[in-house]
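Peer 1: Can you keep this structure in mind? I'll have questions shortly.
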Amino acid sequence: MLLILAPLAGIALLFALLLVADRYFGAPGAGRDYVLRIPLPQAGGRLGLPPIEGPLDASRPLVVIDAGHGGHDPGAGAGTLREKDITLALAQALRVRLLADGGVRVALTRDSDRFLLLPERAEIARELKADLFISIHADSAANPDAWGATLYTLSDRGSNEEASRLAASENRADTVNGVALSGQSDAVSAILVDLSQRESAAQAAEFARLVLREGTGKIDFRERSIQSAAFIVLKSADVPSVLFEAGYLSNQNDAARLASPEGRQSFAEVTARAIRIHFARRLAQAATGAPAPQPATAVPEPTGTGD
Ligand code: ZN
Numbered sequence: 002m003l004l005i006l007a008p009l010a011g012i013a014l015l016f017a018l019l020l021v022a023d024r025y026f027g028a029p030g031a032g033r034d035y036v037l038r039i040p041l042p043q044a045g046g047r048l049g050l051p052p053i054e055g056p057l058d059a060s061r062p063l064v065v066i067d068a069g070h071g072g073h074d075p076g077a078g079a080g081t082l083r084e085k086d087i088t089l090a091l092a093q094a095l096r097v098r099l100l101a102d103g104g105v106r107v108a109l110t111r112d113s114d115r116f117l118l119l120p121e122r123a124e125i126a127r128e129l130k131a132d133l134f135i136s137i138h139a140d141s142a143a144n145p146d147a148w149g150a151t152l153y154t155l156s157d158r159g160s161n162e163e164a165s166r167l168a169a170s171e172n173r174a175d176t177v178n179g180v181a182l183s184g185q186s187d188a189v190s191a192i193l194v195d196l197s198q199r200e201s202a203a204q205a206a207e208f209a210r211l212v213l214r215e216g217t218g219k220i221d222f223r224e225r226s227i228q229s230a231a232f233i234v235l236k237s238a239d240v241p242s243v244l245f246e247a248g249y250l251s252n253q254n255d256a257a258r259l260a261s262p263e264g265r266q267s268f269a270e271v272t273a274r275a276i277r278i279h280f281a282r283r284l285a286q287a288a289t290g291a292p293a294p295q296p297a298t299a300v301p302e303p304t305g306t307g308d
């Protein structure tokens with residue numbers, strides 16, 4: 002008897018629950034207007050700082066890794082191949098590598114699919130007193146033959162037309178329908194002020210050159226020299242900052258490389274090695290009292306095969 006009643010009671014209970022659920026959470030009636038709301042952070046609002054991973058010793062150098070785009074901003078790419086996913090996977094792979102090697106503290110500006118304003122990303126690095134800030138991106142071009150990774154540092158002027166185009170494209174992440182979310186319309190003039198921080202700029206250039214050197218034969222670079230342009234995300238006065246465009250999602254080979262575990266591994270190994278060498282050099286310079294690197298303007302670009 003109980004065996005027969007139990008399922009019946011269960012069905013009755015389910016029916017009652019459905020009635021209640023319909024009363025309280027019922028779908029709106031036909032013809033009702035819907036508004037799609039995208040939650041955006043308040044411009045200038047303060048964010049919670051991400052956790053710092055690695056050694057507890059706060060004297061260890063800290064690298065803040067920034068996965069470009071996120072949330073409602075997919076970045077470049079199309080279909081299932083979206084820049085925001087690629088950059089997050091690369092950032093996480095780099096973190097794994099750095100933590101496995103030890104000695105370096107690591108924080109990610111975002112560890113999930115969420116949106117951050119460009120100035121907030123740099124602000125996180127500044128607040129955490131990072132020693133290095135790396136913003137990871139992937140490009141897209143109308144020409145499917147455009148390929149290769151590029152290292153960028155901050156400058157008021159693009160090193161060439163392509164660099165300026167890219168900076169304008171990346172800086173658009175902070176706009177919705179052309180309206181600036183972060184009120185950074187005067188970003189370029191602000192960058193000029195911050196460029197007075199020559200020491201940070203010199204360190205950023207030094208690090209970018211290390212990535213090019215360590216990546217030789219392992220990562221296909223579009224340019225064998227560092228490029229520069231007015232990237233808002235690099236506008237941090239006192240944290241050496243570089244932007245790593247890891248490749249073109251519009252190029253078949255690059256896209257396959259960036260989306261593969263091997264490609265991520267290669268990116269992480271090269272970048273982690275460059276980070277370790279960079280910090281080792283900084284430590285040696287601090288220990289011996291050697292002079293800091295020359296001002297960014299006086300640092301010659303490496304003579305590579307690029308133009
Ligand atoms: Zn991007």
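Position one of the sequence shown corresponds to residue 2 (this note's numbering), numbered consecutively onward. Glycine included, each C-beta is placed from N, C-alpha and C at the ideal position. Quick caveat, the model's predicted, so the values are computed rather than measured.
1. Note down, in chain order, each residue of its chain lying with its Cβ closer than 8 angstroms to the Cβ of Leu82, except the 5 sequence neighbours on either side.
2. Taking all protein chains shown into account, do 16 or more other C-beta atoms lie within 10 angstroms of the C-beta of Ala288, making it buried, or fewer, making it exposed?
3. Taking its Cβ as the centre, do 16 or more other Cβ atoms sit within 10 Å of Gly290, making it buried, or is it exposed?
4. Report the rounded CA-to-CA distance for Ala108 versus Ile53, giving the unit in angstroms.
5. Going by DSSP, name the residue or residues bridged to Arg106.
6. Among all residues, which have a Cβ less than 5 angstroms from at least one non-hydrogen atom of the ligand ZN, and in what chain order do they fall?
7. Quick one: what's Asp140 bridged to in DSSP?
8. Specify, as a first and last residue, the run of the beta strand (DSSP E) that Thr1 falls within.
9. Rounding to the nearest angstrom, what Cα-Cα distance links Gly76 and Ala68 in this structure?
10. Can you name the start and end residues of the alpha helix (DSSP H) that Ala281 belongs to?
11. Check each candidate in Leu119, Leu63 and Val243 and name the one with the smallest Cα separation from Ala202.
12. Starting from Ala126, follow the alpha helix (DSSP H) in both directions and report where the run begins and ends.
13. When burial is assigned at 16 or more other CB atoms within 10 Å of the CB, is Thr151 buried or exposed?
14. Can you tell me the Cβ-Cβ gap for Asp102 and Arg277, rounded? I've got them flagged as a contact below 8 angstroms.
15. What does the alpha-carbon distance come out to for the pair Ser237 and Arg199?
16. Which class does Gln240 belong to by DSSP, given the choice of helix, strand or coil?
Peer 2: Here's the rundown:
1. Listed in chain order, the non-local C-beta contacts of Leu82 below 8 angstroms within the same chain comprise Leu250, Ala256 and Ala260, local neighbours out to five positions each way being set aside.
2. Flag for Ala288 reads exposed.
3. Classification for Gly290: exposed.
4. Using only the alpha carbons, I get a separation of about 5 angstroms.
5. Assignment of beta-bridge partners to Arg106 by DSSP yields Leu63.
6. Selection around the ligand ZN by beta-carbon proximity, strictly under 5 angstroms to any non-hydrogen atom, yields Gly69, Gly76, His138 and Glu171 in chain order.
7. Note: Asp140 is bridge-paired with Tyr249 in the DSSP secondary-structure output.
8. This structure cannot speak to residue 1, because the chain is shown only from 2 to 308.
9. Whole-angstrom Cα-Cα distance: 11 angstroms.
10. It spans Pro262 to Thr289 - the alpha helix (DSSP H) in which Ala281 sits, taken as one unbroken run.
11. Selection Leu119, Leu63 and Val243 evaluated against Ala202 yields Val243 as nearest (Cα-Cα).
12. Looking at the DSSP string, the run of the alpha helix (DSSP H) that includes Ala126 is Leu119 to Glu128.
13. With a threshold of 16 other beta carbon atoms within 10 Å, Thr151 meets it and is buried.
14. Yes, they are in contact, since the Cβ atoms of Asp102 and Arg277 sit about 7 angstroms apart, within 8 angstroms.
15. One alpha carbon belongs to Ser237, the other to Arg199, and they sit about 12 angstroms apart.
16. The sequence as given places Val at residue 240; Gln does not occur at that position. Here Val240 sits in coil by DSSP.
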